[in-house]
């Protein structure tokens, strides 16, 4: 594989980048596809290009909750950088698109010989930890409306388009709330002219207005990424 637009891969020095890409294969991420499950060993790692993935925490057989998101800015399977093969969270494709995939064994070998990749992954793991911690605090302290605005902005960033497919059922699942709450919150955002929603198709109409409506967690996540990786 000769090229990629994943931002983590693109940050590597040319020699390490080309060596890593030679070990990758292009794959298509299918909406709703489960890429890995908690407790199982990591077989493949994914570097999304124009698809994106939800990191979901199942709790005691109850409806699961999204605690993180991975798009072009990151990767799925970063725990291998810590020497841990076991998957901690359910990974569910939220936005269809392309990705670079590498076998776990190949990634471990490349990581062992590449100090630049080690340094990059250490920084990315810090950003991912901050995102996971922020998601827990956001769930505890923020209302559905600002949380929904934050989620839409995160999806908008990773979809690289003003529109993407999502249902109220899926939003309720991701946010850990009842569908009626999502319907009311989405209706308020649509009434304010920030989004347009029809039959599962979401369109962002006013990006700056949506940022103003979101909780501070969105800006905090972006700042952590910029400080450590840009």
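In the working numbering, the protein residues as written are 12 to 241. Note that the Cβ used here is the ideal one computed from N, Cα and C, for glycine as well. Source: prediction; values computed, not measured.
Problem set entry | Nearest candidate by alpha-carbon position, reference residue 187, set 48, 148 and 75 | Locating residue 187 in the chain shown gives position 176, where the first residue counts as 1. Ranking 48, 148 and 75 by Cα distance to residue 187 puts 75 first.
For this session: Express the C-alpha separation of residue 89 and residue 196 in angstroms, rounding to a whole number.
Result: Counting from 1 along the chain shown, the entry for residue 196 is found at position 185. Counting from 1 along the chain shown, the entry for residue 89 is found at position 78. Roughly 33 Å separates the two Cα atoms.
Exercise. Just how far apart, CA to CA, sit residue 145 and residue 81?
Worked result: Here the question's residue 145 lines up with position 134 in the chain shown. Here the question's residue 81 lines up with position 70 in the chain shown. Near 15 Å, if we compare the C-alpha coordinates of residue 81 and residue 145.
For this session: Could you tell me how far apart the beta carbons of residue 58 and residue 110 are, in whole angstroms, since I believe they sit closer than 8 Å?
Result: Here residue 58 corresponds to residue number 47 of the chain shown, with the count starting at 1. Here residue 110 corresponds to residue number 99 of the chain shown, with the count starting at 1. Confirmed, Cβ separation roughly 6 Å.
For this session: With distances taken Cα to Cα, identify the nearest neighbour of residue 150 among 45, 191 and 78.
Result: What you label residue 150 is simply residue 139 of the chain shown in a count that begins at 1. When each option's Cα is compared against that of residue 150, the closest is 78.
Exercise. In angstroms, rounded to a whole number, what distance separates the CA positions of residue 34 and residue 113?
Worked result: As a position in the chain shown, residue 34 is number 23, starting the count at 1. As a position in the chain shown, residue 113 is number 102, starting the count at 1. Taking the CA atoms as reference points, residue 34 sits about 6 Å from residue 113.
Problem set entry | Endpoints, beta strand (DSSP E) assigned at residue 165 | In the chain shown, counting from the first residue as 1, residue 165 sits at position 154. Run containing residue 165: none in the beta strand (DSSP E); it sits in the alpha helix (DSSP H), 155 to 170.
Exercise. Per DSSP, what kind of secondary structure is residue 203 in: helix, strand or coil?
Worked result: For the purposes of this step, residue 203 is identified with residue 192 of the chain shown, where counting begins at 1. Residue 203: coil per DSSP, three-state reduction.
Exercise. So does the stretch 96 to 104 actually touch the stretch 49 to 67, counting three or more Cβ pairs closer than 8 Å?
Worked result: With three or more CB-CB distances shorter than 8 Å, the stretch 96 to 104 counts as touching the stretch 49 to 67.
For this session: May I have the straight-line CA-CA distance separating residue 210 from residue 122, to the nearest angstrom?
Result: In the chain shown, the residue the question calls residue 210 occupies position 199. In the chain shown, the residue the question calls residue 122 occupies position 111. Rounded to whole angstroms, residue 210 to residue 122 spans 44 Å at the Cα level.
Problem set entry | Distance, residue 44 Cα to residue 148 Cα | Within the chain shown, the letter at position 137 stands for residue 148. Within the chain shown, the letter at position 33 stands for residue 44. Between residue 148 and residue 44, the C-alpha separation is close to 28 Å.
For this session: Please determine, among 169, 139 and 116, the residue with the shortest C-alpha to C-alpha distance to residue 60.
Result: Here residue 60 is taken as the residue at index 49 of the chain shown, counted from 1. Among 169, 139 and 116, the Cα nearest to that of residue 60 belongs to 169.
For this session: Measure the alpha-carbon distance for residue 93 versus residue 238 and round it to whole angstroms.
Result: Working through the chain shown from its first residue, we reach residue 93 at position 82. Working through the chain shown from its first residue, we reach residue 238 at position 227. Taking the straight line from one Cα to the other gives about 22 Å.
Exercise. Beta strand (DSSP E) containing residue 101: first to last residue?
Worked result: As a working note, residue 101 is residue 90 in the chain shown. For residue 101, the enclosing beta strand (DSSP E) stretches over residues 101 to 106.
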